[in-house]
């Protein structure tokens, strides 16, 4: 009787073990397979990323000794201490101590009940790591205050290798000209491997912004910049965006370097906003403003010449000047060049170029181009073209050389007239006598 009663009780007690094993349930947290044993306590995982507690950082393949921070919350009712962590990451990530080492971290302080705490590991990235999302697992050992023994918590998480954004700024044409309005193009380049978005650029050239700094590294307060803000948008890795600015530079800055400070606000691959400062440098050249005038054709020593003058209305001398005469249309004038040296700003510079024909001389109107070639103070060669129509008369004969015959004839005629008059007076006087 007792045996019949005990046998059913034994079978009923065995059933929970049979069904529990048959369904392969996870009773220690429900995270599936892991390199660590599952035994959760009072610790809750919050976040994992490359960087420190205060700032996430961008990383790329080949980076070494990079901080990797995991943030937890103490959701228990007691304070915990003796916090230690162990990190498991996929192939391509290793401890900063070297390959094969365990990635460990310790917390320097206790965690009060209800507060957050973090562990910062240091990781090396292999050169073949891709910019993408990866899975990881962390193990945390800790002890409760006023309790003996060590508790262990595990967490699976995803983290991202973002790549590294590198922002560079430069002017496509690094020269400005004083006393004139300059249209400049500034390149904002992302030379890194991570995209940046929401790029907004502010020109910091106001007196208030400059006064906030202890020492000024720029003379931008002396120039006029019409634009003050540019909305650039997203810049992908290894690409660039461009912005344009209109700048007027006074004469007093000729020969100086203009430094324009830019404040660049953007969002990195983590979605965090950053603000950095960059400076665009320009060299300010003097203004060379040339005009060709008083163009004419004269004959000098049996040679017909094209003469004219060049005036420089700028504030910088032109160097190594040349004047070239070239035919246009049906003109058969041979191209010819004259060296005129410096083109100063205080006086017109004359030039005279002999006229030679390609073939038979053609007199009358000729369409020509006067090209003035010179260099500025940075030795950049500049060309000024001036189109003109000239009239080439037929040259005079050689008999016309020497004193004008008209000048000689007039005195002779006057002398003859006077002689005739005197002779008549004498003849009349003799007749009367």
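Numbering (the numbering used here), first residue to last: 1442 to 1874.
Just so it is clear, CB atoms sit at the ideal spot from N, CA and C, and this is done for glycine as well.
{"Item": "For the segment 1726 to 1741 against the segment 1527 to 1543, do three or more pairs of beta-carbon atoms, one drawn from each stretch, fall closer than 8 Å, so that the two count as touching?", "Value": "no"}
{"Item": "Are the Cβ atoms of residue 1681 and residue 1630 separated by less than 8 Å?", "Value": "yes"}
{"Item": "Taking a contact to mean a Cβ-Cβ separation below 8 Å, would you say residue 1641 touches residue 1665 in this structure?", "Value": "no"}
{"Item": "Please list the segments of the beta strand (DSSP E) lying wholly inside the segment 1663 to 1735, counting only runs of 3 or more residues, in order along the chain.", "Value": "1670 to 1676, 1680 to 1689, 1698 to 1708 and 1714 to 1726"}
{"Item": "Closest to residue 1692 by CA distance: which of 1826, 1755, 1536 and 1820 is it?", "Value": "1755"}
{"Item": "Give the C-beta separation of residue 1781 and residue 1794 to the nearest angstrom, bearing in mind that I take them to be a contact with Cβ-Cβ under 8 Å.", "Value": "Not a contact, Cβ separation roughly 10 Å."}
{"Item": "Just list the residues that DSSP pairs residue 1522 with in beta bridges.", "Value": "1584"}
{"Item": "What first and last residue would you give for the beta strand (DSSP E) that runs through residue 1786?", "Value": "Premise fails: residue 1786 is in no beta strand (DSSP E) and is neither H nor E."}
{"Item": "Any idea what DSSP makes of residue 1498, helix, strand or coil?", "Value": "coil"}
{"Item": "Terminal residues of the continuous beta strand (DSSP E) containing residue 1514?", "Value": "1507 to 1515"}
{"Item": "Under the three-state reduction of DSSP, which class applies to residue 1796: helix, strand or coil?", "Value": "coil"}
{"Item": "Residue range of the beta strand (DSSP E) that residue 1599 falls in?", "Value": "1592 to 1601"}
{"Item": "Can you tell me which of the three DSSP states residue 1766 falls into?", "Value": "strand"}
{"Item": "Please confirm if the segment 1700 to 1712 is in contact with the segment 1761 to 1777, defined as three or more CB-CB distances below 8 Å between the two stretches.", "Value": "no"}
{"Item": "Taking 8 Å as the cut-off, does the segment 1588 to 1608 touch the segment 1553 to 1563 (at least 3 CB pairs, one atom from each stretch)?", "Value": "no"}
{"Item": "Could you tell me the alpha carbon to alpha carbon distance between residue 1694 and residue 1619, rounded to whole angstroms?", "Value": "7 Å"}
{"Item": "Helix, strand or coil: which one does DSSP assign to residue 1661?", "Value": "helix"}
{"Item": "DSSP puts residue 1824 in a beta bridge; with which residues?", "Value": "1814"}
{"Item": "Mapping DSSP to helix, strand and coil, what is residue 1863?", "Value": "helix"}
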